[in-house]
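Asker:
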Amino acid sequence: MSINSLIGNNIKKLQLAPGTRFYHEIRLETTKDEELLDLSTLYRTVELWRENPFIGGKSSIGFGKLKIEYEWPRPVDSRPYLEYVEKNRDEIIKVLDELRGAL
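Per the numbering used here, residue 20 is the first one in the sequence shown, and the count goes up by one each step.
1. Following the continuous alpha helix (DSSP H) through S59, name the residue where it begins and the one where it ends.
2. Taking A121 as part of the alpha helix (DSSP H), name the residues at either end of that continuous run.
3. What's the C-alpha gap between A121 and Y103?
4. How many angstroms separate the CA atom of D116 from the CA atom of T39?
5. Do the stretch 68-76 and the stretch 91-99 make contact, defined as three or more Cβ pairs closer than 8 Å?
6. Quick check: the Cα distance between E105 and A36, rounded to an integer number of angstroms?
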């Protein structure tokens with residue numbers, strides 16, 4: 020049962036009790052050739068989220084803090100992603116500048 024089915028689609032404010040568990044899954048569709056880089060990219064995303072593990076508002080007073088736990092299909096770290104970014108830095112900056120100009 021979803022939250023929307025419980026309280027409707029016009030959510031203005033939702034309060035949850037401390038300790039409420041959230042369950043979700045992330046499905047990463049990739050290719051065998053890119054699996055390591057894709058997993059590493061997702062892992063880096065989770066690493067950054069763990070540095071600021073909040074959802075919602077009023078995080079400065081402790082609201083919305085999460086304990087983030089994931090099971091990975093195999094050992095993974097952010098090193099391949101960080102190496103890819105460093106190796107392709109100039110091309111990435113060029114694409115980001117083009118996107119900025121299009122906005």
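All C-beta atoms, glycine included, are put in the ideal place defined by N, C-alpha and C.
Answerer: Here's the rundown:
1. Looking at the DSSP string, the run of the alpha helix (DSSP H) that includes S59 is E54 to E70.
2. Unbroken alpha helix (DSSP H) run through A121: R108 to A121.
3. 25 Å
4. 41 Å
5. no
6. 42 Å
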